[in-house]
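Quick mapping for you: the protein sequence lines, in order, are chains A and B. For the first sequence, position 296 (counting from the first letter as 1) is numbered 296 according to the UniProt record's numbering, and the numbering increases by one without interruption. For the second sequence, position 369 (counting from the first letter as 1) is numbered 369 according to the UniProt record's numbering, and the numbering increases by one without interruption. The C-beta atom is built at its ideal place from N, Cα and C for all residues, glycine as well. These numbers come from a predicted model, not from an experiment. One structure below.
There are 2 protein chains.
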Amino acid sequence: MTDVIDVAADHPFGLSALPYGSFSVGGGPRRVGVRFGGYVLDVAALADRLRWAHADLFAGPVLNPFMAAGPDAWATVRADLRGWLAADPDPDLFTPLADVALHLPVEVADYVDFYASEQHATNAGRIFRPSGEALLPNWKHLPVGYHGRAGTVVVSGTDVTRPVGQFRDPEVTFGPSRRLDFEAEVGFVVGVPTAMGDRVAVADFERHVFGVVLVNDWSARDIQAWETVPLGPLLGKSFATSMSAWVLPLAALDHARVAPPARDVPVLPYLAGDDRAGLDIAIEVTIGGHVVSRPPFATMYWTAAQQLAHLTVNGASLRTGDLFASGTVSGPDRDQWGSLLELSWNGRDPVTLADGATRTFLADGDEVVMTATAPGPGGVPIALGEVRGTVRPAQV
Amino acid sequence: MTDVIDVAADHPFGLSALPYGSFSVGGGPRRVGVRFGGYVLDVAALADRLRWAHADLFAGPVLNPFMAAGPDAWATVRADLRGWLAADPDPDLFTPLADVALHLPVEVADYVDFYASEQHATNAGRIFRPSGEALLPNWKHLPVGYHGRAGTVVVSGTDVTRPVGQFRDPEVTFGPSRRLDFEAEVGFVVGVPTAMGDRVAVADFERHVFGVVLVNDWSARDIQAWETVPLGPLLGKSFATSMSAWVLPLAALDHARVAPPARDVPVLPYLAGDDRAGLDIAIEVTIGGHVVSRPPFATMYWTAAQQLAHLTVNGASLRTGDLFASGTVSGPDRDQWGSLLELSWNGRDPVTLADGATRTFLADGDEVVMTATAPGPGGVPIALGEVRGTVRPAQV
Numbered sequence: 001m002t003d004v005i006d007v008a009a010d011h012p013f014g015l016s017a018l019p020y021g022s023f024s025v026g027g028g029p030r031r032v033g034v035r036f037g038g039y040v041l042d043v044a045a046l047a048d049r050l051r052w053a054h055a056d057l058f059a060g061p062v063l064n065p066f067m068a069a070g071p072d073a074w075a076t077v078r079a080d081l082r083g084w085l086a087a088d089p090d091p092d093l094f095t096p097l098a099d100v101a102l103h104l105p106v107e108v109a110d111y112v113d114f115y116a117s118e119q120h121a122t123n124a125g126r127i128f129r130p131s132g133e134a135l136l137p138n139w140k141h142l143p144v145g146y147h148g149r150a151g152t153v154v155v156s157g158t159d160v161t162r163p164v165g166q167f168r169d170p171e172v173t174f175g176p177s178r179r180l181d182f183e184a185e186v187g188f189v190v191g192v193p194t195a196m197g198d199r200v201a202v203a204d205f206e207r208h209v210f211g212v213v214l215v216n217d218w219s220a221r222d223i224q225a226w227e228t229v230p231l232g233p234l235l236g237k238s239f240a241t242s243m244s245a246w247v248l249p250l251a252a253l254d255h256a257r258v259a260p261p262a263r264d265v266p267v268l269p270y271l272a273g274d275d276r277a278g279l280d281i282a283i284e285v286t287i288g289g290h291v292v293s294r295p296p297f298a299t300m301y302w303t304a305a306q307q308l309a310h311l312t313v314n315g316a317s318l319r320t321g322d323l324f325a326s327g328t329v330s331g332p333d334r335d336q337w338g339s340l341l342e343l344s345w346n347g348r349d350p351v352t353l354a355d356g357a358t359r360t361f362l363a364d365g366d367e368v369v370m371t372a373t374a375p376g377p378g379g380v381p382i383a384l385g386e387v388r389g390t391v392r393p394a395q396v
Numbered sequence: 001m002t003d004v005i006d007v008a009a010d011h012p013f014g015l016s017a018l019p020y021g022s023f024s025v026g027g028g029p030r031r032v033g034v035r036f037g038g039y040v041l042d043v044a045a046l047a048d049r050l051r052w053a054h055a056d057l058f059a060g061p062v063l064n065p066f067m068a069a070g071p072d073a074w075a076t077v078r079a080d081l082r083g084w085l086a087a088d089p090d091p092d093l094f095t096p097l098a099d100v101a102l103h104l105p106v107e108v109a110d111y112v113d114f115y116a117s118e119q120h121a122t123n124a125g126r127i128f129r130p131s132g133e134a135l136l137p138n139w140k141h142l143p144v145g146y147h148g149r150a151g152t153v154v155v156s157g158t159d160v161t162r163p164v165g166q167f168r169d170p171e172v173t174f175g176p177s178r179r180l181d182f183e184a185e186v187g188f189v190v191g192v193p194t195a196m197g198d199r200v201a202v203a204d205f206e207r208h209v210f211g212v213v214l215v216n217d218w219s220a221r222d223i224q225a226w227e228t229v230p231l232g233p234l235l236g237k238s239f240a241t242s243m244s245a246w247v248l249p250l251a252a253l254d255h256a257r258v259a260p261p262a263r264d265v266p267v268l269p270y271l272a273g274d275d276r277a278g279l280d281i282a283i284e285v286t287i288g289g290h291v292v293s294r295p296p297f298a299t300m301y302w303t304a305a306q307q308l309a310h311l312t313v314n315g316a317s318l319r320t321g322d323l324f325a326s327g328t329v330s331g332p333d334r335d336q337w338g339s340l341l342e343l344s345w346n347g348r349d350p351v352t353l354a355d356g357a358t359r360t361f362l363a364d365g366d367e368v369v370m371t372a373t374a375p376g377p378g379g380v381p382i383a384l385g386e387v388r389g390t391v392r393p394a395q396v
């Protein structure tokens, strides 16, 4: 509790952001909260006090019931929150951020990871297929992606243990991964489900997607390289995927909408019409506090609206809590590449950190932090929640 | 209700099988049931009546609470059921199978599909890489697999709509899949979860896996072929995966244990020690009532115990309801291949059905049924629950 809630008008977590999360205080129950400046607002308590029609949506520990309620409920609650916060909010309903524990805000249903950055796919192609075309033939026709492990999506702040597995170096070897990497990504969380057979048109994206998170798709490059043919990654990714504790509602990103890059291969009609579906989110990645990359999400070739249309074009249903991530965000410049695989060119070119230490891949003890901002109203940037994780030594 | 419960001693769903499922009668609530002969026993009602210590595990609509309770609870309940059924069971607690609706018995957490048949992987390699080695270099070192879509796992009896998508034929095309296929598989359902960082040793398989189902991993070969590089299948599989309504407890398969095939490449220690982890399950696949294949599960190169050890060796956690399937079961003989891809050699050799009709891939209206039996005590075979589905025309 605090005496007065004082959040500057240009605070990146001010009235224009208002992301939702799941918090607890002193080992108490998990509750839905909203971040406002350096505080967490207890939404369930506010909803009870104000006798909101939607109060029951906040009774549980995660956002899923609220996310399932749909765009009208999302808009009503956001307007009510902004009105109440802009007045003289009762400090009793807030806890300083430093005094709360943050939990996974969403019960994740299915998790899909895309591969939507042309620069990242080109870099990966050049590294792994140096004698072939950098982009594979399907890449500009459809947003390539795969299902990841929903059960190992963890909240920002969770330590990540270096995975053990088999790989070639050059003989078949078993042990801790020697090429542990991060991937800077933006994730989208589905609120409104669909039935099997339904397709979500590009134009209906906002009727189904509730909000946006940052994602670190931790990757063990050596394990992944050995297992990946012909069915794709499994253990090289499934040990952990970190997501931010705060889900920023799509509505907060109205000022961040941009046109995606020009498509030089025409897309099929079900993937067309997303002319304003890009998002100008500027990501920053640090290792041990040193900035190693600034990936620009606005450069992504495939938009989230196209990804959702693609995911459902075959009739696959959506569930509340489905999470789909963009794939590694890499911009055209070298200091915009979103993984150590690219930054170190698969280990060839070590990356120098501030203290003179170098990395080709992650070392035990490295803390990787991703933060991001986007344009808000009046030229004031808003922030996405960070995603933070420290590498712990392998358990052998 | 019925007057007397009369199940022959050699009934394939007799006292030695006793699979669990989820049923409802006349639009009533979903309840946990056990199949006994041609009847469904209301387990929750029995548990209440007999004041079982485990009665609360059967209060919900799915098996998850019971599965999470672990091997001691599974054994106690099975022994209690067998004792009660062998006496003079009260007909009031049974409903004829024809009068119930069957539902998905498990709330599926994550779904992983393996690729564990050497014959199937060899056939696929010969079809798709005719000039290369049939088996890829990793195949005998680790059980290759990938995550599928848990949200589109459906219960036997659910119609499957032909998916729409993009593929090359030979130009990039959009429309209903022209190469819709089945895959005959055996699935394993996890009961007891693990924490992140835990590994499940081969020897601990039965401490975590509750039971066995049949799976039809419907596949749109044309969609899959186009999307699959470099991250594996997505829309070619995600439209539907059918599983049997009945989960056969592992304990029922004690008499079906066999040695897996000899491994001609030594496995790493974490994959060793499964000398009796093979299962002699004989599958039969029909299209429109005509047998098209009899895949022998005993021939699978990688056992389910190895698959679970592999899935968790990197520290990935398990959740109650995790489903992992074997991949297509194909035996060495041509009439033992578990997909039309193989049976028709990717469309080259049409398969003849009983009425003289032929198929290269599935036609609208085709009903695919998979059944299976395994050795039981006293030489009396027991049955697994069937998995049945009819192909409906695409929605365009």
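The DSSP-derived three-state label of B/S344 is coil. Taking C-beta separations shorter than 8 Å and ignoring five residues to either side along the sequence, the partners of B/P29 in its chain run P61, following chain order. For A/E107, the closest C-alpha among the options A/P260, A/D335, A/T328, A/M243 is that of A/M243. By the rule that beta-carbons nearer than 9 Å mark a contact, A/V144 touches chain B.
For A/I223, there is no enclosing beta strand (DSSP E); the residue is found in the alpha helix (DSSP H) stretching over 221 to 227. Residues of the stretch 204 to 227 of chain A with a C-beta atom less than 9 Å from some C-beta of chain B are A220, I223, W226, E227, listed in chain order. Around the beta carbon of A/V396, a 10 Å sphere encloses fewer than 16 other beta carbons of the protein chains shown; the residue is thus reported as exposed.
In the three-state reduction of the DSSP assignment, A/G236 falls in the helix class, which pools H, G and I. Per DSSP, reduced to three states, the secondary structure at A/I283 is strand.
Among the CB atoms of chain B, one or more fall inside 9 Å of the CB of A/F174. Contact between the stretch 184 to 191 of chain B and the stretch 318 to 335 of chain B is present: 3 or more CB-CB pairs across the two stretches fall below 8 Å. Excluding sequence positions up to five before and after A/A305, its CB lies within less than 6 Å of the CB of V202, F205, D274, A277, all in the same chain and listed in chain order. Counting only runs of 3+ residues, the beta strand (DSSP E) found wholly inside the stretch 256 to 334 of chain A occupies 282 to 287, 290 to 293, 323 to 325, in chain order. The alpha-carbon separation between B/Q336 and A/T299 amounts to approximately 50 Å.
Within chain A, V313, N314, G315, A316 have C-beta atoms less than 9 Å from the C-beta of B/P163, given in sequence order.
Close to A/P233, with beta-carbon spacing below 7 Å, are these residues of chain B in chain order: L231.
For B/F239, the chain A residues whose Cβ falls inside 8 Å of its Cβ are M196, N314, G315, A316, in order along the chain. Taking A/V112 as the centre and dropping the five residues before and after it, the same chain places the C-beta of G145, H147, F324 closer than 6 Å to its C-beta, in chain order.
Secondary-structure assignment with DSSP links A/P176 through a beta bridge to A/V164.
Within the DSSP bridge table, the entry for B/Y39 names B/F36, B/P96 as partners. Of the other Cβ atoms in all chains shown, 16 or more fall within 10 Å of the Cβ of B/R149; this residue is therefore buried. Minimum Cα-Cα distance from B/W84 among the listed residues B/A73, B/A47, B/P105 corresponds to B/A47.
Taking the CA atoms as reference points, B/G356 sits about 56 Å from A/R179.
DSSP places B/N123 inside the alpha helix (DSSP H), whose first and last residues are 118 to 128.
Counting every other CB atom within 10 Å of its CB across the protein chains shown gives A/D181 a total of 16 or more, marking it as buried. Shown here for B/L231: not one same chain residue has a beta carbon closer than 7 Å to its own, the five before and five after excluded. Between A/E386 and A/L214, the C-beta spacing is below 9 Å.
Below the 8 Å Cβ cutoff, chain B contributes V229, P230 as neighbours of A/L136, in chain order.
Under the criterion of beta carbons closer than 8 Å, B/G315 and A/F239 qualify as touching, at roughly 5 Å.
Rounded to whole angstroms, A/D92 and A/E284 show a C-alpha spacing of 34 Å. When Cβ pairs closer than 8 Å are counted between the two stretches, the stretch 358 to 366 of chain A is seen not to touch the stretch 128 to 146 of chain A, the count staying below three. For B/D113, no alpha helix (DSSP H) run applies; the uninterrupted beta strand (DSSP E) run containing it begins and ends at 111 to 114, by DSSP. Nearest to A/D80 by alpha-carbon distance, out of A/L343, A/V43, A/P65, is A/V43. Judged by beta-carbon spacing, B/F297 lies within the 9 Å limit of B/V329, meaning their Cβ atoms are closer than that value. Rounded to whole angstroms, B/T173 and A/T320 show a C-alpha spacing of 31 Å. Taking a C-beta cut-off of 8 Å against chain B, the contacting residues of the stretch 317 to 328 of chain A are S317, L318, R319, D322, listed in chain order.
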